[in-house]
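Residue numbers 1 to 75, in UniProt numbering, belong to the letters of the sequence shown in order.
Ideal Cβ placement from N, Cα and C applies to all residues, glycine included.
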Amino acid sequence: MSYDELKSVLVSLGIPEDDISPEASREEVGLDSIAVVELALVLRREKGVDVTEEEIGGTLTVADVAALVGARTPA
């Protein structure tokens, strides 16, 4: 999954597109604990990405989340 695909998922979760940038922290874009759970659920169920809430919660920036998701995306 690319950064742009992750950005699209984040927008679908209600995060304003203008708030999302690779350098933005999870907190800056509104990925609080509830949003992290929702993101992990969407990634697993709809995108087939095997990632946990804890792994997403361990990231610092949107770029870190994109790298994690990209590494876990099935080929």
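Next item on the list: Answer yes or no: do A63 and E23 have a C-beta to C-beta separation smaller than 8 Å?
Entry: Working through the sequence shown from its first residue, we reach residue 63 at position 63. Working through the sequence shown from its first residue, we reach residue 23 at position 23. Contact: yes.
Margin query: Along the chain, where does the alpha helix (DSSP H) containing L68 start, and where does it finish?
Written below: To locate residue 68, count along the sequence shown from 1; it is residue 68. Where L68 is concerned, the enclosing alpha helix (DSSP H) stretches over 62-72.
Next item on the list: Have a look at L39 and L31 and give me their C-alpha separation to the nearest angstrom.
Entry: Counted from its first residue, the sequence shown places residue 39 at position 39. Counted from its first residue, the sequence shown places residue 31 at position 31. Going by C-alpha positions, L39 is about 9 Å away from L31.
Note to self: Does S25 come out as helix, strand or coil in the three-state DSSP assignment?
What the structure shows: Taking the first residue of the sequence shown as 1, we reach residue 25 at position 25. Correct three-state label for S25: strand.
Checklist line | Helix, strand or coil at I34 according to DSSP, with G and I counted as helix | finding: In the sequence shown, residue 34 corresponds to position 34, counting from 1. Helix, per DSSP.
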